[in-house]
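Protein chains in written order, with our numbering: chain A, 18 to 119; chain B, 284 to 1039; chain C, 129 to 309. For glycine and all other residues, C-beta sits at the position ideal for the given N, C-alpha and C. Please read these numbers as outputs of a predicted model, since none were measured by experiment. Comments concern the structure below.
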Amino acid sequence: MIPMSWYLLFAAALFSIGLYGVMARRNTVAILMSVELLLNAVNINLVTFWRYLTPDRSVGMAWAVFVLAVAAAEAAVGLALIISVYRNRDSVVAEELDVLRN
Amino acid sequence: MSEELLTTLTWLIPVGPLLAFFVITLFTNRSRTLSWMLAWAGVFSSLILGWTVALNVFAEDVHHLEEHPTVIADSIAWLPFGSNADNWLRMGVAVDPLTAVMLIMVTFAITMIFIYSVGYHNWGQPLGKVLGVPNHMQEEPLLSRFFAFMSLFAGAMLLLVVADNLLMLFVGWEIMGFCSYSLIGFWYARDYDIGEDDIPHISPRKAGIKAFMTTRVADVIMLLGIVFFYRVFGTFNFAEALSAHSLEHAVAGVGATALGIMSLLLFTGTVGKSAQWPLHVWLPDAMEGPTPVSATIHAAAMVSAGVYMSIRIFPLLAVGAGPESGVPVGWIIAGIGAFTALMAATIAVAQNDVKGVLAYSTISQLGFMIAAIGTGAYVAAVFHLITHGFFKALLFLASGSVIHGMEHGAHHVHDHHTDPQDMRYMGGLRKKMPITFWTFLIGGMALSGLPFITAGFWSKDEIFASAWYAYNHEGNAIGLMVLVALALAAFLTAFYTMRQISMTFFGKARTPLAEHAQESSNFMTFPLIGLAFFAVIAGWAGIPEDFPILGPLLDNNYAHHIIGATVHSTLHHLSEMGLVGHSYAIAAFDFVWLPLIASLTVALGGLFFGWLMYGRKPLVQGQADPLIKALGPLHTFLNRKWYWDELYDTVLIQPTIFVSETVVYEWIDKGFIDGIIHLVARAFYGFGRYVRAFEMAVFGDGVDWVKDQFLAMAASMRQLQTGRMQEYVLVSTLIASALAFVVLAINYGWFDQIFQ
Amino acid sequence: MFEQVFFIFVAVVTLGFALIVVTNKNLFHAALALMGTFLGVAIIYVTLGAGFLAMAQLLVYIGAISILIIFAIMMTRHMMSAEEAAFNSQAGLSLFTAVAFFVLVAYVFISYWPTTPADAMLATMTPVDPAILENSVVALGQSFVSPNAYVLPFEVASVMLLAALVGSIFIAKPRLKEDEA
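Here you go:
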């Protein structure tokens, strides 16, 4: 039997890694990949809670499916944005995209 | 004629000229011809009406007149007055013998002057171009204005003459004052360079102001008298207020002394209007006006009005001079008159301007009349007023004709620098201007009092006779003083008249101007003849009955009876009450030789001396006036008019100017009052500046400091917004972690040991 | 016992892939590592008994999203060279933050649900009725279409996907010469 907390810890670690990636990576695409990591970590959390606490109800699972769908949509739109930005500004470095500065 | 018709006609007498004034001013101003024709119509209407009314009065029985002097009286209720609503000021007309004789003289003289004026202003000649300056030999462009004011003047004079109350008289009085101002300053744009001998020559504008101001001083005091008059008598009406009964009542009420003071207050008006010392200074300068104006003002109308007013209130003056009064009114009036007569005569002797001599002559003659009033010689004063009106108007118009002739000569030889009015440049005009010469001669003789044939002799003789009578029969010393002074003045009058005639007409022309002079137009000579006629015959109405030879011929001292009838009964009653001296009670007195000898002596003597000095060997060109050498420094004193103008300037005018310009304007108004205002302004301003400084510091700088703080804060805060998403994520995560840490710490009590 | 070891193995591998994703300079390698991460997560789903979700994970994430990411990498490629730095200026602070975050969260988790299997936490893992697990997919499916359940979010999700579809096409559409004028 795997204690629930192991799954949770795993998810937390994955989330932290993804967080680090969001904050520290230069390339925007890399940032997006880190965001996927974040979402996956969340999904794991959801499924863990579902499995351990309310396996008879479909709430957790449904929610996880929704997160999945949303992540997909968000990845698509985000990449489209990156491509558009790349075309206009010729840069995919997040640091250089500071039009909203000050 | 029926009384109603006469009353209506009396009302209409002043209407003609007044209406002419309004119509000319409002409508016919542009047309000079129409204007003078309208003016003529006005004065002709008043002439006809005035003579009609006057002759009707003369047709009355004398004894009837003595009892009821006021032949025509009518008035309208004009103004509710005082606290009693039933009390109304009444305005109206009244005709008594005095009014009648005045009407005869005034209307005729003014009509002659109007006829003369058309010629004087060169009607029909090429039109003058310069406004406000006399245009020699060219038609006056402002002719309409002239006739408008002259009509107003005539209307005002007639209003004054027919007035039945003191207030209406005063109205006419003041209107004439204004007209004198505007007519003396008729040529308003004229100005003089400093004349010869560096004596400044007054400009017409200033002369008009001077005349108005001087008479104004007198009028203010007279107004006090008028108010006092109403206060005592309760009415302005002459017939009511100056009846014996009313005067007796007044004496009982306020006392004769108060009436004496009232007399002097009212008399002051005469002093101003009739140019007596000390208010005589305006009259010579009034010569700046056109000659018809001088004739009107100084002969027919204005100065006559002054004397007329005193004559009107004669009963009051009589009571004021009477034994019960504490004020020596008689002495004052007679003294002023006599002094003025003598002073003016001495000045006239040394004048060079032909009109100047006549001006001082007028002052002198008015002094004669007023001295007569002071003596109590009512009839003499009136008589002399009437005759003087005729011959003085004649003299002025004739002198105007002379000046016109001289100007014609000036135009002829193109000399516009020589003064055409200066007698020293005339001479020999007898041949050049015969009609003018003869009429001038008649007028001059009348003025001198040439015996028997001129009017002036009879009226002057009457004055001397009355003065002698007053002294001789009543012991009234005033009479003696008057007699002596006036005799001297009459001597000088004859002398300077002869001097004037000689210098102007006899001998040879002294300058090219006189050489080329020519007789004036018919417009001007016809009035001269008309006035000369009256200057001769007017005196014959006043020949005393017991005068040797001539008296019994006429057997009626017509003037004496008719004129005397005006106040006869009043004075008789007053004399019975003991309120007036007996000499005031006019009754024809017996003929006495002494005054006749005196007047014959002085008149003939003066004329002879004048002829001796000037007529026997008339002055030639370049020859100085022999009087200068004879009198020496006295001549300068006389020539400069006893320096009255300079004295007044130093004593009265300069201090007044000083007070007004420096004391009131500089010190009080600008210094004190403005100083207060400036002080208030400065206080507010200073307060405002302080508030502003405070505001600038607190609100300005303070707010600015706050703003700067905010800006600094914002600037520093702005650093947070880098536009980089990753930094935002980092910061938010950090803060969230920190918060979570704190929550956990509190929850789990990690720092309880420290924070306990 | 076996389960725990297996779990730890899979977890470590997955985390390792994740680390590669966030640290590798070469984006393509990072994308491949991402795929590995997704695979690891799918296996975890299986151990949790969420087989359906595992399949969905494989299909969607590995099959579509990763490919999409690779597309994006390729299309923005010439900007990224192998010499480009992988991390930006705040890498250090980010590391600290991530670690702090993990510590906090881990602490919360452990204090709530302790790790030692002898605890009652284990006992909270409800006895699994195989029937329930088998029916979980059916129940899920029914919950998606049942008006009492999640039909509405389901429909909304489909609309959202449509919007994302259209939107991403529009955003990424290359501007034609005429459009730009």
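Among the residues facing chain C, residue 57 of chain A is included, as its CB has a counterpart in that chain under 8 Å away. Assigned with DSSP and collapsed to three states, residue 474 of chain B falls in coil, not helix or strand. Nearest CB-CB separation between residue 228 of chain C and chain B: below the 8 Å threshold. Remark: C-beta atoms of residue 470 of chain B and residue 406 of chain B do not approach each other more closely than 8 Å. A direct Cα-to-Cα measurement between residue 795 of chain B and residue 900 of chain B gives close to 20 Å. For residue 826 of chain B, no alpha helix (DSSP H) encloses it, and the DSSP letter there is neither H nor E. A distance of 8 Å or more separates the beta carbons of residue 644 of chain B and residue 811 of chain B.
Counting along the chain, residue 94 of chain A sits inside the alpha helix (DSSP H) bounded by residues 76-106. The C-beta separation of residue 781 of chain B from residue 894 of chain B comes to about 5 Å, placing the pair in contact by the 8 Å criterion.
In the three-state scheme derived from DSSP, where H, G and I count as helix and E and B as strand, residue 798 of chain B is classed as helix. In summary, the residues of the segment 1006-1028 of chain B whose CB is separated from some CB of chain A by less than 7 Å are 1006, 1007, 1008, 1009, 1012, 1013, 1016, in the order they occur in the chain. Any Cβ of chain B closer than 8 Å to the Cβ of residue 112 of chain A would place that residue at the interface, and such an atom is present. Spatial neighbours of residue 278 of chain C in its own chain (CB-CB distance under 8 Å, excluding positions within 5 residues in sequence) are listed in chain order as 271, 272. Excluding its 5 nearest sequence neighbours in each direction, residue 738 of chain B has C-beta neighbours in its own chain below 8 Å: 670, 673, 674, 729, 817, 818, 819, 820, 821, 822, 823, listed in chain order.
Near chain C, meaning a CB-to-CB distance below 9 Å, the residues of the segment 38-50 of chain A are 38, 39, 40, 41, 42, 43, 44, 45, 46, 47, 49, 50. The alpha-carbon of residue 313 of chain B is positioned some 21 Å away from that of residue 468 of chain B.
Going by C-alpha positions, residue 34 of chain A is about 34 Å away from residue 1036 of chain B. Chain C has no Cβ within less than 8 Å of the Cβ of residue 115 of chain A.
For residue 374 of chain B, the uninterrupted beta strand (DSSP E) run begins and ends at 371-378, by DSSP. Secondary structure at residue 215 of chain C: strand, using DSSP grouped into helix, strand and coil. The three-state reading of DSSP puts residue 358 of chain B in strand, counting E and B together. Taking a Cβ-Cβ threshold of 9 Å, none of the residues of chain C is close to residue 66 of chain A; the smallest such distance is about 10 Å. Using a Cβ-Cβ cut-off of 8 Å, residue 152 of chain C is close to nothing in chain B; its nearest Cβ partner there is about 18 Å away.
The shortest CA-to-CA distance from residue 392 of chain B to any of B:431, B:962, B:331, B:371 is the one to B:331.
Its chain contains 617, 621, 654, 658, 750 as the residues whose beta carbon lies nearer than 6 Å to that of residue 765 of chain B, once the 5 sequence neighbours on both sides are disregarded; these appear in chain order. Nearest CB-CB separation between residue 167 of chain C and chain A: not below the 8 Å threshold. Residue 109 of chain A carries a coil assignment under DSSP once its states are collapsed to helix, strand and coil. In this structure, the alpha-carbon of residue 585 of chain B lies about 8 Å from that of residue 456 of chain B. Taken through DSSP and simplified to helix, strand or coil, residue 423 of chain B comes out as coil. Between the alpha carbons of residue 71 of chain A and residue 77 of chain A lies a gap of roughly 8 Å. Contact note: residue 31 of chain A does not reach chain B at a C-beta cutoff of 9 Å; the least C-beta distance is about 15 Å. For the alpha helix (DSSP H) assignment, the uninterrupted runs of no fewer than 4 residues enclosed by the segment 984-1015 of chain B are, from N- to C-terminal side, 986-1001.
Collapsing the DSSP output to three states places residue 276 of chain C in coil. In the three-state DSSP reduction, residue 43 of chain A falls in the coil class, being neither helix nor strand.
Only residues of its own chain outside the window of five on either side were considered, and among them 881, 885 have a CB closer than 6 Å to the CB of residue 770 of chain B, listed in chain order.
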